[in-house]
Amino acid sequence: GLALFYGGLVRAKNMLSVLMQVFTITAVVMLVWVFYGYSLAFTAGNAYFGGFSKAFLSGVDVTTLSETFSKGVAYP
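Residue 3 is where the sequence shown starts when you use our numbering, and the numbers rise one by one after that.
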C-alpha cells in the first residue's frame, strides 16, 4: 500500500523507481530487525535498550516465549 501511495505522488515515468525504492527500504528494515532489532528490543540491558545476546536471532525458535506475552502463550 505504501509503495502505491508514493508511486501515485510522482510522474508515471518515475513510478517503477519509486516502487523499487520502497521495496528495497522495506527489505533492508526487515534485515536490520532480524540482525539487531529483535535483540535490542527483547533482551535485558540497561533502562533504554537491551543487549546483543540474541543478535541474528540466536537461540530464538518457534517455542521461544516473548517477554511481552503472558506465560503459556507461544508463537503459532
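Backbone N, C-alpha and C define an ideal beta-carbon position, used for all residues, glycine too. Note that the coordinates shown come from a computational prediction; the quantities given were computed from them, not determined experimentally.
Apart from the five residues on each side of it in sequence, which residues of its chain come closer than 8 Å, Cβ to Cβ, to A38? According to the sequence displayed, residue 38 carries Tyr and not Ala. Cβ within range, chain order: F54, A57.
Return the bridge partner residues of G47 from the DSSP annotation. G52
Could you name the residues of the same chain whose beta carbon sits closer than 7 Å to that of G9, not counting the 5 residues immediately before and after it, in chain order? M17, V20, L21
So the candidates are F25, V34, Y50; which of them puts its Cα closest to the Cα of L4? F25
Considering Cα atoms alone, identify which of D63, L59, T66, K15 is closest to M32. L59
Restricting to Cα atoms, I'd like to know which of F51, A29, V36 is closest to L42. F51
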